[in-house]
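In what follows, a single structure is set out as structure tokens and then discussed.
Protein chains: 4
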Amino acid sequence: MTVIKLLNKPKLVNPIFIEGLPGVGNIGRVSAGYLVEELGGKKFAELYSEWFFPFVMLHDDHRIHLLKNEFYYVKKGSHCNRDMIILTGDCQSLSPQGHYDVSTKILEFVKKFGTKEIITIGGLATGELDDKEQKVVGAVTHDELLKKYKDKKLDFNAGKKVGYIVGATGLLLGIGAEMDMKGVCLLGQTAGYPIITDPKAAEEVLIVLSDLIDMKMDMSKIGKRVTEMEEFIKKVEALQKKALAEITKQSKSGGATKEDETRYIG
Amino acid sequence: MTVIKLLNKPKLVNPIFIEGLPGVGNIGRVSAGYLVEELGGKKFAELYSEWFFPFVMLHDDHRIHLLKNEFYYVKKGSHCNRDMIILTGDCQSLSPQGHYDVSTKILEFVKKFGTKEIITIGGLATGELDDKEQKVVGAVTHDELLKKYKDKKLDFNAGKKVGYIVGATGLLLGIGAEMDMKGVCLLGQTAGYPIITDPKAAEEVLIVLSDLIDMKMDMSKIGKRVTEMEEFIKKVEALQKKALAEITKQSKSGGATKEDETRYIG
Amino acid sequence: MTVIKLLNKPKLVNPIFIEGLPGVGNIGRVSAGYLVEELGGKKFAELYSEWFFPFVMLHDDHRIHLLKNEFYYVKKGSHCNRDMIILTGDCQSLSPQGHYDVSTKILEFVKKFGTKEIITIGGLATGELDDKEQKVVGAVTHDELLKKYKDKKLDFNAGKKVGYIVGATGLLLGIGAEMDMKGVCLLGQTAGYPIITDPKAAEEVLIVLSDLIDMKMDMSKIGKRVTEMEEFIKKVEALQKKALAEITKQSKSGGATKEDETRYIG
Amino acid sequence: MTVIKLLNKPKLVNPIFIEGLPGVGNIGRVSAGYLVEELGGKKFAELYSEWFFPFVMLHDDHRIHLLKNEFYYVKKGSHCNRDMIILTGDCQSLSPQGHYDVSTKILEFVKKFGTKEIITIGGLATGELDDKEQKVVGAVTHDELLKKYKDKKLDFNAGKKVGYIVGATGLLLGIGAEMDMKGVCLLGQTAGYPIITDPKAAEEVLIVLSDLIDMKMDMSKIGKRVTEMEEFIKKVEALQKKALAEITKQSKSGGATKEDETRYIG
Numbered sequence: 002m003t004v005i006k007l008l009n010k011p012k013l014v015n016p017i018f019i020e021g022l023p024g025v026g027n028i029g030r031v032s033a034g035y036l037v038e039e040l041g042g043k044k045f046a047e048l049y050s051e052w053f054f055p056f057v058m059l060h061d062d063h064r065i066h067l068l069k070n071e072f073y074y075v076k077k078g079s080h081c082n083r084d085m086i087i088l089t090g091d092c093q094s095l096s097p098q099g100h101y102d103v104s105t106k107i108l109e110f111v112k113k114f115g116t117k118e119i120i121t122i123g124g125l126a127t128g129e130l131d132d133k134e135q136k137v138v139g140a141v142t143h144d145e146l147l148k149k150y151k152d153k154k155l156d157f158n159a160g161k162k163v164g165y166i167v168g169a170t171g172l173l174l175g176i177g178a179e180m181d182m183k184g185v186c187l188l189g190q191t192a193g194y195p196i197i198t199d200p201k202a203a204e205e206v207l208i209v210l211s212d213l214i215d216m217k218m219d220m221s222k223i224g225k226r227v228t229e230m231e232e233f234i235k236k237v238e239a240l241q242k243k244a245l246a247e248i249t250k251q252s253k254s255g256g257a258t259k260e261d262e263t264r265y266i267g
Numbered sequence: 002m003t004v005i006k007l008l009n010k011p012k013l014v015n016p017i018f019i020e021g022l023p024g025v026g027n028i029g030r031v032s033a034g035y036l037v038e039e040l041g042g043k044k045f046a047e048l049y050s051e052w053f054f055p056f057v058m059l060h061d062d063h064r065i066h067l068l069k070n071e072f073y074y075v076k077k078g079s080h081c082n083r084d085m086i087i088l089t090g091d092c093q094s095l096s097p098q099g100h101y102d103v104s105t106k107i108l109e110f111v112k113k114f115g116t117k118e119i120i121t122i123g124g125l126a127t128g129e130l131d132d133k134e135q136k137v138v139g140a141v142t143h144d145e146l147l148k149k150y151k152d153k154k155l156d157f158n159a160g161k162k163v164g165y166i167v168g169a170t171g172l173l174l175g176i177g178a179e180m181d182m183k184g185v186c187l188l189g190q191t192a193g194y195p196i197i198t199d200p201k202a203a204e205e206v207l208i209v210l211s212d213l214i215d216m217k218m219d220m221s222k223i224g225k226r227v228t229e230m231e232e233f234i235k236k237v238e239a240l241q242k243k244a245l246a247e248i249t250k251q252s253k254s255g256g257a258t259k260e261d262e263t264r265y266i267g
Numbered sequence: 002m003t004v005i006k007l008l009n010k011p012k013l014v015n016p017i018f019i020e021g022l023p024g025v026g027n028i029g030r031v032s033a034g035y036l037v038e039e040l041g042g043k044k045f046a047e048l049y050s051e052w053f054f055p056f057v058m059l060h061d062d063h064r065i066h067l068l069k070n071e072f073y074y075v076k077k078g079s080h081c082n083r084d085m086i087i088l089t090g091d092c093q094s095l096s097p098q099g100h101y102d103v104s105t106k107i108l109e110f111v112k113k114f115g116t117k118e119i120i121t122i123g124g125l126a127t128g129e130l131d132d133k134e135q136k137v138v139g140a141v142t143h144d145e146l147l148k149k150y151k152d153k154k155l156d157f158n159a160g161k162k163v164g165y166i167v168g169a170t171g172l173l174l175g176i177g178a179e180m181d182m183k184g185v186c187l188l189g190q191t192a193g194y195p196i197i198t199d200p201k202a203a204e205e206v207l208i209v210l211s212d213l214i215d216m217k218m219d220m221s222k223i224g225k226r227v228t229e230m231e232e233f234i235k236k237v238e239a240l241q242k243k244a245l246a247e248i249t250k251q252s253k254s255g256g257a258t259k260e261d262e263t264r265y266i267g
Numbered sequence: 002m003t004v005i006k007l008l009n010k011p012k013l014v015n016p017i018f019i020e021g022l023p024g025v026g027n028i029g030r031v032s033a034g035y036l037v038e039e040l041g042g043k044k045f046a047e048l049y050s051e052w053f054f055p056f057v058m059l060h061d062d063h064r065i066h067l068l069k070n071e072f073y074y075v076k077k078g079s080h081c082n083r084d085m086i087i088l089t090g091d092c093q094s095l096s097p098q099g100h101y102d103v104s105t106k107i108l109e110f111v112k113k114f115g116t117k118e119i120i121t122i123g124g125l126a127t128g129e130l131d132d133k134e135q136k137v138v139g140a141v142t143h144d145e146l147l148k149k150y151k152d153k154k155l156d157f158n159a160g161k162k163v164g165y166i167v168g169a170t171g172l173l174l175g176i177g178a179e180m181d182m183k184g185v186c187l188l189g190q191t192a193g194y195p196i197i198t199d200p201k202a203a204e205e206v207l208i209v210l211s212d213l214i215d216m217k218m219d220m221s222k223i224g225k226r227v228t229e230m231e232e233f234i235k236k237v238e239a240l241q242k243k244a245l246a247e248i249t250k251q252s253k254s255g256g257a258t259k260e261d262e263t264r265y266i267g
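Take a look at the structure:
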């Protein structure tokens, strides 16, 4: 079960849907987070899912937080001449099947608000740490978008660089195209492993994004904001790791789940 | 499929829902078990689920017992000035997905009886065996509960101690909040691994719980009761371990499930 | 999806449902198979399920056979004074979840024919090869059955011997009881690993079963019949093993499923 | 969720359904691909599924491609005296359960167009590289087909050679028979591991297929076509491998999925 809880129902005109969830370099997550903060995005819906990790986190030492993805909207104005829906959140699905289910639910939801265009943001692990300027890499669902964006600072050679896009960043576009939505993916290039949030790559993506949708955005606070967000992202990651270790140990001493048991369970 | 079978339908007024299932130190399980016995809780519903271990246990050497969670109610009276629903049982879900499904079904069920408040009981593995008094650790779904309970013997610093709560103890509160129920989690501190039922931690939790909901309860039999319950809990754990070992061996000699097979099956 | 395909709809009066599927010592499988052959059981329904191994077998070198469970009926007559439904088949579920789903579907199906009583047949691995006569071990869903069968050659001490019953043999009784069906489980004692079909244990179970339901059955052909059935059972097991090995190798050379991949997939 | 998207609805008369998806030697995939190209098959439906790998591929370096299976039709004419539906595609299901689900959805779909006969194409890994002519191996759902095809160049001894058929190639026939469709499976013999696309085996299968359904087809381009297709097939395989490695590494540095985690998750 994947549940999307509508907190309030904004009237949006032809909104563009922008996704940025945790992943390689957390570029999607921090880019979307910065967008929401700088543009004053208003949360209007939350998604939680049986495909997420089965725990709650503790905020401010005492407040219980269910893992969620969150939908924000931004109305058009001086910063941008069109309405936006921005999706960000704590995590992605734990299982392959979950990725399909969660992505489909997200698309059905944003389509109801009139969404016809999608921009997803992710990272591309180059495995190198170099100082050369690295262009944001792009991929599209329809060739017409390639023409539309051909003069932007985007390398449309994702196929050569990586060949595939895993999870929501890819599936939202792939399934979206089946649902008559067109889209482009922006992949910031980052060194890769170990995963470290890469604010520079996020900034580069945001510059391209601003150019793509004629958005005016103050980039000066990105360093500070990313540092703040990073702390939270790291916490989620660390807790998942710790929770997992505990579950494993627990299992070994006779709890409901054991290594052998799961071998059987498959 | 998770099935809740209603045995009889009590009329309850604004019941508080208290959960205690097997987990760290089995503190939830034995606390809820003691509550049911001391307050004369009456069973009114049973839950079983495809997410539980696929076996039946044998009681009294010959009677077949499907793994279950059980709902009891206690009407208000001299012991407590409000109605209660208490959930306890044999086990929790085997899989992450199952935790979400079972928790959601439980919450939908108790909500029908007018539940607006939840208390879940669990354990927190400190990894230390010390004699110092260790306060019960708490976490809440809403800040107003923090104010309400601020003078109780509860350390609202679960975030510092652990950061997350796995399984029903966490999800019932996290998902419960989405369904407009408020709640608090009581975590008894226990040494942790290997899992040993910790009656002292259970007693401490029960003292805090009594204080929280103005409950009068004779604590003198807790040692004896826990010893009784422990035997059963240990049996369930041991059987799961043994069943698992058998399944694994069986598989290796050509049964339907093999180590390699499950690697494929994923 | 678990599908039960009705081939024809017999009129049955208060039929007793007898289950024997592959498992420890294949005692259930061969006992049920012998029952069907000796009593001239007529197949009236077939079950197949997404929880079974995803392959077809080849019979007579060229004919494709989907893995199935099969329902037979026997009308009352000189051999037995009541109608019977007998379930046997190629395999059980591959996953824990599947066991619950398949068992529930089976019970819903037989209940429609008026079934109120269930007898499941399984094996109990003692880990010993001895010549002493080993009584069939029993377990029941309701204490009244213990009284009813107390003079039969059944040791109602399964709890001491094993403590649990895995898969259909256990769940059909456990879930059956929730659906107002009563039942008894007959466990033939067998040495256990490696799994070898144990015709002697099957014979002992059939003798007890005959006594339980006042059935007259010629036992003289059991050795021959079991030998025939054993060949097929071994084939299924061997094919699953081989299929699995192939899948695994295939995966390693770049197929859709790899060891690492399944680690991710979970 | 498995979705079949109808692009246009052809009127077909008693079409024969021919399946060729990736698998051993990719014989099915390249045979079906060649059929579509040579006979000018028109795509009329696409299938995608949550049971496929959760990523999108990049074509022509920039275009996003959701993993799919594709349905083509060919109307009867000079090449063949009956209508055909041909299924080919990028991949098969990742999980056992998925194989059943996807196969069932495919069969329900083609049945709506009046399909009563099925031919599936696969490979049989002999583990040997020899130059002797190796006949195509066959298996059928109904004995009448054995008679019908007994003079064709088909060895109906698949049972001796392999004993089972995994995935869509087997299940489409096994489940198809339950849905009143009859069918035959053509297995090209190939050396096997490591998987290398085997155009010679594909050619042999196509010759037998042409004979079976009185199809006239120019075989002269098969070498060239297979080479083209092979590049794409290899790419899909390589990307899945690479994507997987990335996911694994990502997990180890704190992402949502870790080796230990999946041990727990089962």
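These protein sequence lines map, in sequence, to chains A, B, C and D. Throughout, our numbering is defined as the position within the first sequence, counted from one, plus 1. Throughout, our numbering is defined as the position within the second sequence, counted from one, plus 1. Throughout, our numbering is defined as the position within the third sequence, counted from one, plus 1. Throughout, our numbering is defined as the position within the fourth sequence, counted from one, plus 1. C-beta atoms are modelled at their ideal positions from N, C-alpha and C, and glycine is treated no differently.
Chain C within 7 angstroms of residue i, Cβ atoms only
i        : result
Met230/B : no
Leu240/B : yes
Ile234/B : no
Glu67/B  : Checking the sequence, you will find Leu at residue 67/B rather than Glu. It does; some Cβ of chain C falls within 7 angstroms.
Ala140/D : yes
Segment limits, beta strand (DSSP E) that includes residue i
i        : result
Val206/D : Looking at the DSSP string, Val206/D is not in any beta strand (DSSP E); the run it does join, the alpha helix (DSSP H), is 200 to 213.
Val37/D  : Unbroken run through Val37/D is the alpha helix (DSSP H), 28 to 40; no beta strand (DSSP E).
Tyr101/A : That residue, Tyr101/A, is in no beta strand (DSSP E); its alpha helix (DSSP H) goes 97 to 113.
Ala126/C : 118 to 126
Lys151/B : Here Lys151/B belongs to no beta strand (DSSP E), and DSSP marks it neither H nor E.
Ile86/C  : 85 to 90
Lys69/B  : First-last for Lys69/B: undefined, no H or E at that position.
N-terminal and C-terminal residue of the alpha helix (DSSP H) that residue i is part of
i        : result
Glu20/C  : Counting along the chain, Glu20/C falls outside any alpha helix (DSSP H), though it belongs to the beta strand (DSSP E) covering 17 to 20.
Ala169/D : 169 to 179
Gly160/A : 159 to 162
DSSP-derived helix/strand/coil call for residue i
i        : result
Phe45/B  : strand
Glu238/B : helix
Lys243/B : helix
Gly138/C : Here residue 138/C turns out to be Val, not Gly, going by the sequence shown. Correct three-state label for Val138/C: strand.
Gly24/A  : coil
Cutoff 7 angstroms: residue i Cβ touching any chain D Cβ
i        : result
Asp62/C  : yes
Val103/C : no
Integer Cβ distance of residue i from residue j, believed to fall under 8 angstroms
i        : j        : result
Leu187/D : Ile120/D : 6 angstroms
Phe45/A  : Thr116/A : Contact flag wrong, Cβ pair sits at about 13 angstroms.
Gly24/D  : Thr170/D : 6 angstroms
Glu118/C : Gly42/C  : Rounded, the Cβ-Cβ distance is 17 angstroms, inconsistent with contact.
Ile223/B : Ala203/B : 7 angstroms
Taking contact to mean at least 3 C-beta pairs separated by less than 8 angstroms, is the region 190 to 209 of chain C in contact with the region 163 to 180 of chain C?
no
When you compare the region 145 to 153 of chain D with the region 22 to 37 of chain C, are there three or more beta-carbon pairs, one atom per stretch, that lie closer than 8 angstroms?
Taking 8 angstroms as the limit for Cβ pairs, the verdict is that the region 22 to 37 of chain C does not touch the region 145 to 153 of chain D.
Three CB pairs or more closer than 8 angstroms across the region 61 to 68 of chain C and the region 104 to 114 of chain C
no
Contact between the region 149 to 167 of chain A and the region 232 to 243 of chain D: three or more CB pairs below 8 angstroms?
yes
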